[in-house]
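Visitor: Quick mapping for you: the protein sequence lines, in order, are chains A, B and C.
So for the first sequence, the working numbering puts the first residue at 1; every next one is plus one.
So for the second sequence, the working numbering puts the first residue at 1001; every next one is plus one.
So for the third sequence, the working numbering puts the first residue at 2001; every next one is plus one.
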Amino acid sequence: MYLATKQLTKQFGGLHAVNEVDFTVEKGKINAIIGPNGAGKSTFFNLISGVHKPSSGQVIFKNVDISNLPSNKIAKLGVARTFQTTNLFEKSTVFENVIVGHRLRTNSNLFDAIFRTKRLQQEEERSKEKALEVLDFVGLTKSAERVVANISQEEKKRVAFALALATNPEIVFLDEPTAGVNPDETEELSSLIVKMKERGITVCLIEHKMQMIMEMADKIMVLNYGKKIAEGTPNEINNNEQVIEAYLGRSASA
Amino acid sequence: MPKKFEKYIVIFFIVLAIIFPLITQNDYYIHIMTLAFIWSIAVYGLNLLAGYTGYLSLAHAGFFAIGAYAVGLLTVKIEMGFWVAFILAPIITAVIGFFIGIISLRTKEHYFAIYTLCVGYVIYLIIDKWDSLTEGVRGLMGIPAPANIGPISFTTPLSQYYLVLAILLLVIFIIYRIINSLVGRTFIAIRNSEPLALSLGISTIKNKLLSFVLSTFFAGLAGALYASFVRFLGPDIASTAITFDLLMYLIVGGIGTLFGPIVGTTLIVWISQNLQFLQDYRMLIFGPLLTILIIFAPRGIMGIIGDWKVKSSEKKRNKEAQKSQSELKKEA
Amino acid sequence: MEILIQQLFNGLTIGSIYSLVALGLTLVYGILHIPNFAHGAIYMIGGYITLTMMTYVGVNYWISIAVSIIVVGVLSVLMERLVFHPLRNTIIINNKIAAIGILLFLEALAQLIWGADFRQMSSPYNQVLNLFGVTFTVQRLLIIVAAIVVMVLLYLFLKKTFIGRTIIAMSQNREGAFLVGINANKVAMLTFFVAGALAAIAASLTSPINLVFPGMGHLVILKAFVIIIIGGMGSIPGAILGGYLLGFTESIGATYISGDYKDIIAFILLIIILTIKPNGIFAKGEH
C-alpha cells in the first residue's frame, strides 16, 4: 500500500464531514475523488495533508502513520498539495513566487542570511534552478518575469502547480485544479496533470468536471455526505447505481 | 529602471546623510535627524514582522521601552559600563520577546493584534507603577552618553548623529540581507498564506517566532540608542501612542518595502517639525492620512513607486512583444 | 461584609458601562468581522456631545443624551461607509490600521474642539442615598437601571423586529443571509448606528461619575476587547456577562489586591485566556 486511509473520520460539532473512509491511492496513477457539493472532499484532503487532525482513523503513507503530523512535516515526506484558491503573492513575479517552494529542502538559517554564507548562496542557486525547472515543466518559462497580478487565472493555477512541484513531491493532491478556468484551458491543465503522472508523480485530485475525470482518471472514489459510496475505474463508476442516485437525487431536490 | 540606477540613488542618499550635518551646521536639525534615524530602526523591526510576515504587533513601543529602560537601569542603577549595557539591552529585549512571542503567536489575526495591544499596555503599566525600579512617572534620569571608544567620543550632537547613522545603515543592510534570502522569502510566504506555507513544508511556528524576536531585537536596539541619546526616560515611551506613531511612519513610507521605514519616518518627523504650530493636533492631518493611504495606497510611498515600476516594465514587455511580432510579420 | 456589598455595587456600575461598550463592539464584529479599534473614540465623542449639550446649549440631561445618540450613531455610520466599506475585500491587517487612523483623528479633533483638560459633567442625580449600609449616588443607580433597560430594548429590537432579526441572521451566516436577499449594506450601516448609540449612552451615563477627556476611551475599549474575547467574539450574551464579570473582578480586585494595579486585571485575564485557548473561549471547530 502506498498511501491509504483507514476508517478516516472527521467530526465538526456533531456533523460527520468525513465518515469512516477507507481509501488507497494507487502509486503512479491519477486518482480522483468526486462527489456532490459538501460531500466532504476538501475535508478529506485536509485530513491527509495535515490541515485538520482526524477525529478517528488513520492516514498511512509508505507504512508510516502520518495522521497526527503537522502539514509542514507531511510536505517534507514528499506529499504536496494545491488549494482551490492559489494564494500567490500578487505583487511579485512568477519566478520569485516559486523559489520558496524548494525551501523545505534547504537548511539556511538567519546566520547564513546575514553573512551570505556559501551554504546560503548554494541553496539559493539550487532553489532558483528548481524554480526554473518546474516553471519549464508547467510551461511558464516565458512568463517567469511577469508579475502575478498581471497573469491569467489559468496561469496562476500553473504557478500553484509549479510551487507544489518545487517541493520535490512523490505525490500531489490537487484541490479542484481547474475551478474557475474556461473549457479550452481546462484541457491544457488536464494534459499537464497527465504529464505529471508520466513523470512518475502520483496524482490525487478533487474535481467537479465529470468529463475531464472520466477521461483521465485511473481510479475514482465517490464521496456522499462524508461516506465513501463507490470506488473503482471510470467505467465502474459510470454504471454504479448509488452514484447515479447521489447525483440525480441531489439535483432533483435542488 | 535598471538595477544600477537604483544603486546610484541609494549611494546618493547615503552620501547626503553623511554630509547633511556639514550642510546645515544646525545642532537642532542634527538632533531631529538623529531622532528620526532612531525611530527608523524601531520601524524596521515592525516592518519585518507586520510588513514581511503579516503579523501586526501593537506592543512595539513596549519593546522599544524595554530596550531603553534596560540601558537606563543597567547604567544608572547598577552602574554597568555603557557599552556592555548597550549590547545587553537589545538582547534582553529579544529574550523577553522570545517568551512573549511563543505565547502570542499561538493567536492569529485580530486576536494577535488585540493580544499584543494588551501586552503593550501591561508593559506600560509596569513601567508606570513599579516606582522603586523605574522611578515611574518621575522618570529615569542621569543616563550616560555613549562612552568613548578609544579616541572617539560621543558627547557632541555631531558624533552622536554619525553613531546612530552608522547603526541605522548596518540595520538596513542586515534587513536587506534577510529579506532577500531564503529566510526572508519564508517570511513572505507566511504573510501571503499560512496554509500554503505549511503545505510547502515551512514551519510557520518557528519562522514567525524568528521574525517576532528579530522585530523586538530592533525595537530594543532603537530603545537603547534613544536612552543614550535623550538620557531621560518616562513611561510614555511605552504607550500605545508611540506604537501608533511607528505604525504611521511605516504605512506612509511603505509597509513591506525595504526603504519604506526610513522614508516614512524621516518624512513624517520633518513634516511634524514644520507643523509645530499644530503640535497636539497633528493627528488631525496624519490620522485621516493613515486611513486614506490604507484605502488607496496600502503600500505607501515606496509601494506607489514599486507599482509604477511594474507598470512601466509591463508596458515595455508589451511593446517588445509587439515589436517582435511585427518583425516576424516582416520576415514572413 | 459591607465593604464587599459596596464593592459589588460598584462592580455592577462599572460592569454596566463595560457591557454597553462591549455590546457595540461585538455586534460590529459579528456582522463585519472587524475589530473596531476606533470604537473607544466614538465612546469619547459621545461623552463630549452630551457634555456640550448640557453646558453650552443648556438643555437637560436626557435631551443631551438623545442628541449624543444621534450624532454619534451617524458618525459611526459614516465611518462604516467611508472607511470599512471600501476596505471590505482587502487583507485583514488594513482594517485595523484604518481604524487606528480614525481613532487618532477623532482624539485630535476632540482636543482641538474641547481642549485636553479633564472636564466634569454635572448630573441632576447627584443625591446620595444610603440603603442597607451601602452608600451611593442616584447616578450610579441610574447607570445600573438604564443599562438594563437599554439591554432589554436591544433584545426586543434584535428578536422582535424584522430588521433586528436580519442583523442576527447575518452575524450567524453571512453567505446564507445574502442568499435570502438581505441587504448587507443596510444591515452593516444599521449595526454601526446601534453600536455608536450604545457607546454614546455608556459614555453619557458614566461621565457624571468619571471625567470627560480625549483619552477617556483608551482603557474602556481595551477592556471591551478583553470582554468580547472572554465572551466570544460576536456573541451578545457573552458581551453582557463578560462586562459584568470584569466589572465585579475589578472592583473586588481594587479593594483586596491593589488599587494601583486594578486596570491590569483585565489584561492579565486576557493573556491567561488566550494563552490557554488561542482562538478564544468559545471558538467554533477548527475553522
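Here a beta-carbon is modelled for each residue, glycine too, at the ideal position from N, C-alpha and C.
Which residues of chain B have a Cβ atom closer than 7 angstroms to the Cβ of A/I229, listed in chain order?
Guide: Within chain B, no C-beta atom comes less than 7 angstroms from the C-beta of A/I229; the nearest is roughly 28 angstroms away.
Visitor: Three-state secondary structure (DSSP) at C/L2027?
Guide: helix
Visitor: Taking a Cβ distance cut-off of 8 angstroms, strictly less, list which residues of the segment 2148-2163 of chain C are near chain B, in chain order.
Guide: Against chain B - using a Cβ distance shorter than 8 angstroms - the segment 2148-2163 of chain C contributes no residues.
Visitor: Since B/H1110 and C/P2278 are thought to touch, with beta carbons under 8 angstroms apart, how far apart are those beta carbons, to the nearest angstrom?
Guide: Their Cβ separation, rounded to whole angstroms, is 12 angstroms, which puts B/H1110 and C/P2278 out of contact at 8 angstroms.
Visitor: When Cβ atoms are compared, which residues of the segment 139-154 of chain A fall closer than 9 angstroms to chain B?
Guide: E145, R146, V147, A149 and N150
Visitor: Please work out which residues of its chain come closer than 6 angstroms, Cβ to Cβ, to C/G2285, disregarding the five sequence neighbours upstream and downstream, and give them in chain order.
Guide: The predicted position of C/G2285 is uncertain, since its pLDDT is 39 and thus under 50; a value taken from the coordinates is nonetheless stated next. Closer than 6 angstroms at Cβ, skipping near neighbours: no residue.
Visitor: Cβ atoms of A/I34 and A/C204: under 9 angstroms apart, would you say?
Guide: no
Visitor: Are the C-beta atoms of B/Y1281 and some chain C residue less than 9 angstroms apart?
Guide: yes
Visitor: Mind pulling the chain C residues with CB within less than 8 angstroms of B/R1106?
Guide: L2274, T2275 and P2278
Visitor: Using three-state DSSP, classify A/F12 as helix, strand or coil.
Guide: strand
Visitor: Any beta carbon from chain C within less than 9 angstroms of B/S1312's own beta carbon?
Guide: no
Visitor: Enumerated in chain order, which unbroken segments of the alpha helix (DSSP H) with a length of 4 residues or greater are wholly contained in the segment 49-81 of chain A?
Guide: If we require 4 residues or more, the alpha helix (DSSP H) runs fully inside the segment 49-81 of chain A come out as 71-76.
Visitor: Apart from the five residues just before and just after B/T1266, which ones in its own chain have a Cβ nearer than 6 angstroms to its Cβ?
Guide: A1036
Visitor: Which value, in whole angstroms, describes the spacing of the CA atoms of A/L189 and A/V159?
Guide: The alpha-carbon separation between A/L189 and A/V159 amounts to approximately 12 angstroms.
Visitor: Could you confirm whether any beta carbon from chain C is found closer than 9 angstroms to the beta carbon of B/H1031?
Guide: no
Visitor: With distances taken between CB atoms, is the gap from B/F1218 to B/P1090 smaller than 9 angstroms?
Guide: yes
Visitor: Which of the three DSSP states, helix, strand or coil, is assigned to B/F1286?
Guide: DSSP places B/F1286 within a helical segment (H, G or I) once states are collapsed to three.
Visitor: If distances are taken between C-alpha atoms only, which option among C/L2109, C/Y2061, C/S2019 and C/I2272 comes closest to C/Y2125?
Guide: C/Y2061
Visitor: Mind pulling the chain B residues with CB within less than 7 angstroms of C/F2267?
Guide: C1118, Y1121 and V1122
Visitor: Please classify B/A1224: does DSSP put it in a helix, a strand, or coil?
Guide: helix
Visitor: Excluding the 5 residues flanking A/K128 on each side, which residues of the same chain have their C-beta closer than 7 angstroms to its C-beta?
Guide: I99
Visitor: Can at least three beta-carbon pairs, one atom from the segment 2014-2022 of chain C and one from the segment 2239-2253 of chain C, be found at a separation below 8 angstroms?
Guide: Output reads yes: the segment 2239-2253 of chain C touches the segment 2014-2022 of chain C.
Visitor: Would you say A/V266 reaches chain B, if we count a Cβ-Cβ gap shorter than 9 angstroms as a contact?
Guide: Outside the shown range of chain A, which is 1 to 254, sits residue 266 of chain A, and nothing can be said about it.
Visitor: Using a Cβ-Cβ distance cut-off of 9 angstroms, determine whether B/P1195 contacts chain A.
Guide: yes
Visitor: What residues of chain C sit near B/F1286, judged by a beta carbon separation below 9 angstroms?
Guide: G2101, L2104, F2105 and A2108
Visitor: For B/N1192, name the three-state secondary structure that DSSP assigns.
Guide: helix
Visitor: For B/A1042 and A/K29, I'd like the C-alpha separation in whole angstroms.
Guide: Between B/A1042 and A/K29, the C-alpha separation is close to 53 angstroms.
Visitor: Beta-carbon of B/M1302 versus every beta-carbon of chain C: anything under 9 angstroms?
Guide: no
Visitor: I'd like to know if A/L110 contacts chain E, where contact means its C-beta is closer than 9 angstroms to some C-beta of that chain.
Guide: This model lacks chain E altogether, as its protein chains are A, B and C.
Visitor: Residues in its own chain within less than 6 angstroms of A/A39 by CB, not counting five upstream and five downstream?
Guide: L223 and N224
Visitor: How far does the alpha helix (DSSP H) with B/V1252 in it reach, from first residue to last?
Guide: Segment T1240 to G1253, the alpha helix (DSSP H) holding B/V1252.
Visitor: Would you say C/K2096 reaches chain B, if we count a Cβ-Cβ gap shorter than 9 angstroms as a contact?
Guide: At least one chain B Cβ lies under 9 angstroms of C/K2096.
Visitor: Give me the DSSP bridge partner(s) of C/T2137.
Guide: Note: C/T2137 sits in a beta bridge opposite C/V2128.
Visitor: For chain C, check one thing: does any of its Cβ atoms lie closer than 9 angstroms to the Cβ of B/A1297?
Guide: no
Visitor: Establish whether the CB of A/N68 and some CB of chain B are separated by less than 9 angstroms.
Guide: no
Visitor: So is C/I2116 in contact with chain B if we call contact Cβ pairs under 9 angstroms?
Guide: One point to set straight first is that residue 2116 of chain C is Ala, not Ile, in the sequence displayed. Answer yes: the Cβ-Cβ gap between C/A2116 and chain B drops below 9 angstroms somewhere.
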